[in-house]
Amino acid sequence: MTEIAAGPPLPGSQAGRRPEAIKAIPVRHPWRWVSTVVVLAIVAEAVYTLVTAPYMNWDAVGKYLFGPLILQGIVVTLELTALAMVIGVALGIVLAVMRLSPNPVVSWVSWFYIWFFRGTPVLVQIFFWFNLASILPHIGLGIPGGPLLWRASTNDLISPFMAATLGLGLNEAAYMAEIVRAGMISVEHGQTEAAQALGMTRLQLMRRIVLPQAMRVIIPPTGNETISMLKTSSLAFIATVPELFTRQQQISNANFDVIELAIVASIWYLVMTSILTVGQYYVERYFARGAQRELPLTPLQRFRRMLITFHAPPPFPVEAHLNPPSEHC
Amino acid sequence: MVKAEAVHKSFGRLEVLRGIDLEVYPKEVMCVIGPSGSGKSTFLRCINHLEKIDAGRLSVDGELVGYRQRGNKLYELPDREICQKRSEIGMVFQRFNLFPHMTALENIAEAPMRVKKVSRSTAEAQARSLLDRVGLADKVKAYPNQLSGGQQQRVAIARALAMQPKLMLFDEPTSALDPELVGEVLDVMRALAHELGMTMVVVTHEMGFAREVGDSLVFMDAGVIVEAGKPRELLSNPQQERTKLFLSKVL
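In order, the protein sequence lines correspond to chains A and B.
Under my numbering, read the first sequence as residues 1 to 329, first letter to last.
Under my numbering, read the second sequence as residues 1 to 251, first letter to last.
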């Protein structure tokens, strides 16, 4: 036996050399190839059918994709989503803290709110706010049985946009309350005790200790809710709010390119939800502070690392290939 | 400093404390030992009102815990006053319970800033000197999960000290630590007793610490104090059969 010539001895290795990296024939997966072909064939067929549909007017898709009405609709959709989510998250946190309150009245109020707003369809709720003026032409603030301090016409106060925002936001708050509550319950009880032992009041320890830690649990479903809200905001069409879906309908009612405009709207909804998904990733990363020793890589960092590993030398020693162990006696 | 008279506490039907009588004097270090489930941790938690007692009297610094007496009627204290009283008692937990989303410095400075309304700069300067005192001056910016168990527990002690407590409660402070890390935490506690003259109640399984640092030792079992006395005497010459049995197993 002769020793195979190898590089300089590796530091720390007792024998002075490290055994050659294992080279084995990988298991073959023929069915992966078969399934790939089948899936590609089905997708290609579907795309082909859609693209070559006899009455499909692709020019209309191109024409309306950046049309002014559609773009205006997108702005309204985004405004509606943002406002409704702000109401939903803010009110949801308040409701969750109320729900966990030792004061039974406060806790019941929260329970009742969630029961009511989660138990009725959001479409009905938007419709309710939109038509409130029909039973209540004026809204006022005053001392019961005493003087009226302030009064306004319901129609002025609750515009269609306001009706949709209220409907979506108040409904969302009920769902957010449950998400926030789940997050707060997930924080270890020892955290509450440690904060109490330091003399913090309930509100202080909720705001400074429990909620920041609950965020890690709250953020992913909140991202889901935001994406869901972006699409649910299309229900605002019932209140004649000129958002994306309303615009799509208005245009297709005039030119009968129904499917074409549905495709336009779908493209935009997909673009917006994709952007939100990326945003959600970064927010989650921020709230992982202190929970993981190293933060996960951002997609950009991961992409860079991938490029580097493509160009870097393979992880096993190259000499092994150049000097195969052929020098047996 | 702490006075307990016939303190009783039950969880549902389970009677955890069945009449505890003891007194801790200022600057005294009292160690409490006993098998698990004997009620020693529960008693410790009663002292700062993390648990409510069902019967008996428990007072800290001459004031009842959780109540005010007027005439011969007891009035429950409002939350704000309970918080205020708790802030004068430091507590160190078996599982450290550091706030994982805050650095070591923020963990220590948080309560003085929120509870005592100390300015940020003052609170942080104090936190730095406390970290220095527990030998962790270089860990100011470390998050708890970047620290070893022993380091975390030392930060937790510094966090409790930041409120300038008149009494410190330790709930098995070294039980969750690797054996080689126990020493560094005990060293900090020893310094606390000797240099600051802190009044301490320590629930522990460290007989060496109890013997060396403790001024008094209490052996609890099944919710009652079985035996109490000077640590050296109690450990070397226990009088009760139950104490002898326990010590024969742990020494």
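For glycine and all other residues, C-beta sits at the position ideal for the given N, C-alpha and C.
Treat the numbers as computed from the prediction; the structure is a model and nothing was measured.
Beta-ladder partner(s) of residue i, from DSSP
| i | result |
| --- | --- |
| S59 of chain B | B:K3, B:L64 |
| F11 of chain B | B:L14 |
| W111 of chain A | W111 of chain A is not bridged to any residue. |
| W150 of chain A | A:L141 |
| L44 of chain B | None; L44 of chain B has no bridge partner. |
| G255 of chain B | This structure cannot settle anything about residue 255 of chain B, because the visible part of chain B is limited to 1 through 251. |
| E76 of chain B | B:Y67 |
| L22 of chain B | B:A4 |
| C31 of chain B | B:V202, B:L217 |
Residue i versus residue j - alpha carbon distance
| i | j | result |
| --- | --- | --- |
| P330 of chain A | E76 of chain B | What is shown of chain A runs 1 to 329, which leaves residue 330 of chain A out entirely. |
| I82 of chain B | L141 of chain A | 39 Å |
| V60 of chain B | I89 of chain B | 9 Å |
| I135 of chain A | E284 of chain A | 45 Å |
| L177 of chain B | L147 of chain B | 12 Å |
| I238 of chain A | V271 of chain A | 24 Å |
| G229 of chain B | R207 of chain A | 45 Å |
| L179 of chain B | S41 of chain B | Reading the sequence as shown, one finds Pro at residue 179 of chain B and not Leu. Taking the straight line joining both Cα atoms gives about 21 Å. |
| D132 of chain B | V32 of chain B | 29 Å |
| A158 of chain B | R202 of chain A | 23 Å |
| K3 of chain B | N97 of chain B | 27 Å |
| R13 of chain B | I53 of chain B | 14 Å |
| K244 of chain B | V203 of chain B | 19 Å |
| V187 of chain A | G223 of chain B | 30 Å |
| E227 of chain B | Q240 of chain B | 7 Å |
| S38 of chain B | G135 of chain B | 34 Å |
| H8 of chain B | N72 of chain B | 20 Å |
| E79 of chain A | Q72 of chain A | 11 Å |
| E184 of chain B | K139 of chain B | 15 Å |
| L130 of chain B | G66 of chain B | 30 Å |
| W108 of chain A | D221 of chain B | 42 Å |
| L95 of chain A | A84 of chain A | 16 Å |
| H267 of chain A | T273 of chain A | It is Ile, not His, that sits at residue 267 of chain A in the sequence shown. Whole-angstrom Cα-Cα distance: 10 Å. |
| T192 of chain A | S101 of chain A | 14 Å |
| R80 of chain B | K141 of chain B | 32 Å |
| T2 of chain A | P19 of chain A | Because T2 of chain A carries a pLDDT of 49, less than 50, the predicted location of this residue cannot be relied on, and no value is offered for it. |
| S121 of chain B | L169 of chain B | 28 Å |
| F149 of chain A | V97 of chain A | It is worth fixing the name first, because residue 149 of chain A is Leu in this sequence and not Phe. Spanning the two alpha carbons is a distance of roughly 32 Å. |
| A163 of chain A | V210 of chain A | 34 Å |
| S110 of chain A | K85 of chain B | 31 Å |
| G190 of chain A | T154 of chain A | 50 Å |
| L297 of chain A | F303 of chain A | 9 Å |
| I47 of chain B | L22 of chain B | 12 Å |
| T222 of chain A | V27 of chain A | 42 Å |
Short CB-CB distance (under 8 Å) between residue i and chain D
| i | result |
| --- | --- |
| A109 of chain B | Given the protein chain composition of this structure (A and B), no chain D is represented. |
CB of residue i within 8 Å of CB of residue j, strictly
| i | j | result |
| --- | --- | --- |
| G24 of chain B | V201 of chain B | The residue you asked about is not Gly; residue 24 of chain B is Val in the sequence shown. A contact, by the Cβ cut-off of 8 Å. |
| L186 of chain B | F219 of chain B | no |
| A160 of chain B | M102 of chain B | no |
| A127 of chain B | I108 of chain B | yes |
| A111 of chain B | L198 of chain A | yes |
| Y55 of chain A | I251 of chain A | no |
| L234 of chain B | L217 of chain B | yes |
| I74 of chain A | L235 of chain A | no |
| W129 of chain A | I158 of chain A | yes |
| F287 of chain A | R181 of chain A | no |
| I227 of chain A | G183 of chain A | no |
| G167 of chain A | V122 of chain A | yes |
| V106 of chain A | M176 of chain A | no |
| Q94 of chain B | E206 of chain B | no |
Residue i CB to nearest heavy atom of the ligand ATP below 7 Å
| i | result |
| --- | --- |
| P19 of chain A | Annotation note on the ligand ATP: not contained in the displayed structure, which lists no ligands. |
Item to check | Short-range partners of chain B found in the segment 203-234 of chain A, where Cβ spacing is below 7 Å | outcome: Taking 7 Å as the Cβ-Cβ cut-off against chain B, the residues of the segment 203-234 of chain A that qualify are Q204, R208, I209, P212, Q213.
Checklist entry - Where in the segment 167-249 of chain B do unbroken runs of the beta strand (DSSP E), each at least 3 residues long, occur, reported from the N-terminal end onward? => result Entirely contained in the segment 167-249 of chain B, the beta strand (DSSP E) runs reaching 3 residues are, in chain order, 167-171, 200-203, 216-221, 224-229.
Item to check | Against chain B: residues of the segment 164-190 of chain A by CB proximity under 9 Å | outcome: Listed by position along the chain: E188, G190.
Checklist entry - Can you list, in chain order, the residues of the segment 61-83 of chain B whose Cβ is nearer than 8 Å to any Cβ on chain A? => result So the close ones are D79, R80, C83.
Next on the checklist: Please identify, using Cβ separations under 9 Å, the residues of the segment 148-164 of chain B that lie next to chain A, in order along the chain.
Outcome noted: Close to chain A, meaning a Cβ-Cβ distance shorter than 9 Å, are the following residues of the segment 148-164 of chain B: A156, R159, A160, A162, M163.
Checklist entry - Relative to chain A, which residues along the segment 172-187 of chain B have a C-beta separation below 7 Å, given in chain order? => result Hits within the stretch: zero.
Next on the checklist: For the segment 39-55 of chain B, list every residue whose C-beta sits within 7 Å of some C-beta in chain A, in sequence order.
Outcome noted: Those would be N48, L50, in chain order.
Next on the checklist: Runs of 4 residues minimum, wholly inside the segment 235-308 of chain A: which ones carry the alpha helix (DSSP H) assignment?
Outcome noted: Counting whole runs of 4 or more residues, the segment 235-308 of chain A contains the alpha helix (DSSP H) stretches 244-255, 258-287.
Checklist entry - Between the segment 80-111 of chain A and chain B, which residues of the former have a C-beta closer than 7 Å to a C-beta of the latter? => result Nothing from the segment 80-111 of chain A brings a Cβ to less than 7 Å from some Cβ of chain B.
Next on the checklist: Quick check for students: name the residue ranges of the alpha helix (DSSP H) that lie wholly in the segment 184-229 of chain A, counting only runs of 4 or more.
Outcome noted: Within the segment 184-229 of chain A, the complete alpha helix (DSSP H) runs of at least 4 residues are 189-197, 202-205.
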